[in-house]
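S.K.: Before I ask anything, let me first share the structure, which is written out below as structure tokens.
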Amino acid sequence: MSDNAILNIEGKEYNLPIHKGTEGELALNISKLRDESQYITLDLGYKNTGATTSKITFLDGEEGILRHRGYSIEDLAENCTFLEVAYLLIKGNLPNVEELSTFQNTISRHTLVHEDVKLMLNAYPTGAHPMGKLMAVMALMSSFYPDSLNPHSQEDDFAVTMNRLLAKMPTICAMIHKHSVGHPMVYPTNNLNYVENYLKMTFGHITEEYECDPVISDAMNKLLILHADHEQNCSASTVRMVGSSHANLYASISAGIAALWGPLHGGANQQVLEMLQEIKDSGITPQQHLDKVKNKEAGVRLMGFGHRVYKNFDPRAKIIKGACDNVLKKLGVNDPLLDIAMKLEEIALKDEYFVSRKLYPNVDFYSGIIYKALGFPTQMFTVLFALGRLPGWIAQWKEMRENNEPIGRPRQLYLGEPLRPFIKMSDRK
Ligand code: CMC
Numbered sequence: 003m004s005d006n007a008i009l010n011i012e013g014k015e016y017n018l019p020i021h022k023g024t025e026g027e028l029a030l031n032i033s034k035l036r037d038e039s040q041y042i043t044l045d046l047g048y049k050n051t052g053a054t055t056s057k058i059t060f061l062d063g064e065e066g067i068l069r070h071r072g073y074s075i076e077d078l079a080e081n082c083t084f085l086e087v088a089y090l091l092i093k094g095n096l097p098n099v100e101e102l103s104t105f106q107n108t109i110s111r112h113t114l115v116h117e118d119v120k121l122m123l124n125a126y127p128t129g130a131h132p133m134g135k136l137m138a139v140m141a142l143m144s145s146f147y148p149d150s151l152n153p154h155s156q157e158d159d160f161a162v163t164m165n166r167l168l169a170k171m172p173t174i175c176a177m178i179h180k181h182s183v184g185h186p187m188v189y190p191t192n193n194l195n196y197v198e199n200y201l202k203m204t205f206g207h208i209t210e211e212y213e214c215d216p217v218i219s220d221a222m223n224k225l226l227i228l229h230a231d232h233e234q235n236c237s238a239s240t241v242r243m244v245g246s247s248h249a250n251l252y253a254s255i256s257a258g259i260a261a262l263w264g265p266l267h268g269g270a271n272q273q274v275l276e277m278l279q280e281i282k283d284s285g286i287t288p289q290q291h292l293d294k295v296k297n298k299e300a301g302v303r304l305m306g307f308g309h310r311v312y313k314n315f316d317p318r319a320k321i322i323k324g325a326c327d328n329v330l331k332k333l334g335v336n337d338p339l340l341d342i343a344m345k346l347e348e349i350a351l352k353d354e355y356f357v358s359r360k361l362y363p364n365v366d367f368y369s370g371i372i373y374k375a376l377g378f379p380t381q382m383f384t385v386l387f388a389l390g391r392l393p394g395w396i397a398q399w400k401e402m403r404e405n406n407e408p409i410g411r412p413r414q415l416y417l418g419e420p421l422r423p424f425i426k427m428s429d430r431k
């Protein structure tokens, strides 16, 4: 294969270097095109734009493949703890016994958050969305650790920030939940594992002992792993973009949380459950709901379906669906929303509208049903996505800085008014 592609514009040829990824993916390098030809490339929503090169996650949307650092998501979800996967994403390899133990011990020493975070949470109205609080608390973290603001900090400083982030995120998420329900926070218990500690801080009470149900902690561990990274999605790209201006890691991740909140991205998990509940409460059939979707009634999509990259199936959704059956059975929960979800899926997968557009269930379609069975309020679902996605955001930010990537600054095609004469206020109609 040639090393270059030739682009012919009005008879003039431009050489575009071809890059090949380790899994055979191909890319045209257009970075010098504007300097040489004055043309930019136009690609709304970056549907065909590789914004970076990366060694973290490989995703093949046609084949439904997802791998982190070369390991399949199926193997990781089946065999690992969430902290092992976090280590893998951030450091590049699976930890051995000693490395994992050191990592866990280090993380467990940073689990407390500054008491003044409570003051900030108390300033929020009751009922405020937890994602708004999470964004704010994450940004606030930078003020407690001014060392993290130095853009030229060394590797050791980054490691401390990373450890603090991973350690404090479960505490922060649990505090936000407790604030929403008006209960006092439950402090971390450092001899519990990552997931059990989080569950205790969320569902435990300061007035009584908490015993973690292994069915719940296993399901939670799997869900966190399945959300841990997904290459250049909207929030990860945001984290990289913000970090590319040398903004600190806390600020970059706060911006990533904002991106995740949107209903087309992580916010979809909340929307799926609300959609299922609405179908149930209004008494319409799944088919009637799908008719509304197909008629493109304003704002009606089949939430939890479709993906920018997966055009065959989302491997995470497959694992979650299996876990969902399992968890509901083990917990003895009989949720009518699951029946509605399964019916929607069954009809949609045979329907021309969804088939022709290659729309399949994504990670968010069944996750909410498990979160609900585990006892989480609907508004917390996207916070759980953020808790899982944190190691991915950290790994993406770290890679971007280690590669010394330039500031992210896309171009545009201006379609506004050309220069026009200024009109004085007195002459304006
Ligand atoms: N329900 C109905 N129609 C849909 C859906 C859906 N969920 N998703 C896409 N379409 C249609 C869309 O209307 C368009 O149709 P047409 O060609 O007639 O205009 C076509 O499919 C292509 O859609 P698109 O919006 O151009 O596709 P995209 O790649 O830009 O969007 C998506 C991907 C995930 C934003 C979209 O599929 C969607 O809105 N899904 C529902 C929200 C959702 O579940 N988001 C979670 C994504 S997975 C978790 C994560 O990583 O964020």
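With this note's numbering, the residue at position 294 of the sequence shown is 296, and numbering never jumps. Ideal placement from N, C-alpha and C gives every residue a C-beta, glycine not left out. As the structure is a prediction and not an experimental result, all values here were calculated from the model.
Using a strict less-than 6 Å threshold between each residue's beta carbon and the heavy atoms of the ligand CMC, what residues do you get?
M.R.: Residues flagged by the Cβ proximity filter: G47, H232, N235, L266, H267, G268, A270, V295, R303, L304, M305, G306, F307, G308, H309, R310, R359, L361, N364, V365, D366.
S.K.: Given this structure, state the Cα-to-Cα distance separating H154 from P148, to the nearest angstrom.
M.R.: Computed Cα separation, rounded: 13 Å.
S.K.: For the stretch 340-347 against the stretch 386-395, are there 3 or more C-beta pairs whose distance is under 8 Å?
M.R.: Because the criterion of three Cβ pairs below 8 Å is not met, the stretch 340-347 and the stretch 386-395 do not touch.
S.K.: Taking the C-alpha atoms as reference points, what is the distance between H232 and T59?
M.R.: C-alpha separation (whole angstroms): 7 Å.
S.K.: Pull up the DSSP beta-bridge partners for D62, would you.
M.R.: Paired residue(s): I67.
S.K.: For P265, I'd like the list of residues in its chain whose CB is within less than 6 Å of its CB, leaving aside the five on either flank, ordered along the chain.
M.R.: If we look at P265 and ignore the five residues flanking it on each side, its Cβ neighbours are Q273.
S.K.: Could you please give the first and the last residue of the uninterrupted beta strand (DSSP E) stretch that includes E15?
M.R.: 14-22 is the extent of the beta strand (DSSP E) around E15.
S.K.: Rounded to a whole number of angstroms, what is the C-alpha to C-alpha distance between Y48 and S103?
M.R.: Going by the C-alpha atoms only, they are around 40 Å apart.
S.K.: Assign L168 to buried or exposed, taking buried as 16 or more other Cβ atoms, counted over all protein chains shown, within 10 Å of its Cβ.
M.R.: So L168 ends up on the buried side.
S.K.: One question on the structure: do K224 and I321 come within less than 9 Å of each other, judged by their Cβ atoms?
M.R.: Contact flag set, yes.
S.K.: Got a sec, what are the start and stop residues for the beta strand (DSSP E) A257 sits in?
M.R.: Not the beta strand (DSSP E): A257 falls in the alpha helix (DSSP H), residues 251-263.
S.K.: Between the Cα of T24 and the Cα atoms of M140, G66, G72, S33, which residue gives the shortest distance?
M.R.: Cα-wise, what sits closest to T24 is G72.
S.K.: Identify which residue in Y41, H21, A29, S4 has its Cα closest to the Cα of N10.
M.R.: When each option's Cα is compared against that of N10, the closest is Y41.
S.K.: Identify whether L30 lies in helix, strand or coil by the three-state DSSP scheme.
M.R.: The answer is strand: DSSP assigns L30 an E or B state.
S.K.: Can you tell me whether K14 is buried or exposed, with buried defined as 16 or more other CB within 10 angstroms of its CB?
M.R.: Under this definition K14 is an exposed residue.
S.K.: Look up N315 in the DSSP assignment and say whether it is helix, strand or coil.
M.R.: Reading the sequence as shown, one finds Phe at residue 315 and not Asn. DSSP places F315 in coil when its eight states are reduced to three.
S.K.: Counting only the same chain and skipping the five closest in sequence on each side, list residues whose C-beta sits under 8 Å from that of K282.
M.R.: For K282, where only same-chain residues beyond five positions count, the Cβ hits under 8 Å are P338, L339, I342.
S.K.: Note the first and the last residue of the continuous beta strand (DSSP E) segment covering A300.
M.R.: Element bounds for A300: n/a, residue is neither H nor E.
S.K.: In whole angstroms, what is the alpha-carbon distance linking D62 and I75?
M.R.: About 12 Å.
S.K.: Would G365 be called buried (16 or more neighbouring beta carbons within 10 Å of its own) or exposed?
M.R.: Sequence inspection shows Val at residue 365; the Gly mentioned does not correspond to that position. The residue is buried, with at least 16 neighbouring Cβ atoms inside 10 Å.
S.K.: For T43, does the count of other Cβ atoms within 10 angstroms reach 16, so buried, or fall short, so exposed?
M.R.: Classification for T43: exposed.
S.K.: Out of I178, N6, P412, state which residue places its alpha-carbon closest to the alpha-carbon of Q381.
M.R.: Closest option to Q381, Cα to Cα, is I178.
S.K.: Taking E117 as the reference, give the member of T173, L85, L68 with the closest Cα.
M.R.: Measuring from the Cα of E117, the nearest candidate turns out to be T173.
S.K.: Taking just the CA atoms, how far does D316 sit from W263?
M.R.: When rounded, the distance between both Cα atoms is 20 Å.
S.K.: Are I20 and S4 touching if we call contact CB-CB under 9 Å?
M.R.: Contact flag set, yes.
S.K.: Distance, Cα to Cα, A221 vs R318?
M.R.: Approximately 13 Å between the Cα atoms of the pair.
S.K.: So I92 and I396 are in contact, right, with Cβ under 8 Å, and what is the actual spacing, rounded?
M.R.: About 6 Å; that satisfies the 8 Å criterion.
S.K.: Using only the alpha-carbon positions, how far apart do Y362 and K352 sit?
M.R.: Answer to the nearest angstrom: the Cα atoms are 11 Å apart.
S.K.: In angstroms, rounded to a whole number, what distance separates the CA positions of R69 and A130?
M.R.: Looking at the two C-alpha atoms, the distance is approximately 36 Å.
S.K.: Going by DSSP, what residue range makes up the beta strand (DSSP E) through A8?
M.R.: Before going on, a small fix: residue 8 reads as Ile here, not Ala. Per DSSP, I8 belongs to the beta strand (DSSP E) from 6-11.
S.K.: Tell me whether N31, by its Cβ, gets closer than 8 Å to a heavy atom of the ligand GTP.
M.R.: With respect to the ligand GTP, the structure offers nothing, as its ligand set consists of the ligand CMC.
S.K.: Taking DSSP as the reference, what is the three-state secondary structure of S369?
M.R.: Helix.
S.K.: By alpha-carbon positions, which one of L333, S247, M143, K431 ends up nearest to L114?
M.R.: The residue with the shortest Cα to Cα distance from L114 is M143.
S.K.: Going residue by residue through the stretch 43-113, where are the continuous alpha helix (DSSP H) segments of at least 4 residues, counting only ones entirely within it?
M.R.: 75-81, 84-93, 99-110, all fully within the stretch 43-113.
S.K.: Do L278 and S369 have their C-beta atoms within less than 9 Å of each other?
M.R.: No, Cβ-Cβ distance for L278 and S369 is not below 9 Å.
S.K.: Less than 9 Å between the beta carbons of P408 and S246, yes or no?
M.R.: Yes.
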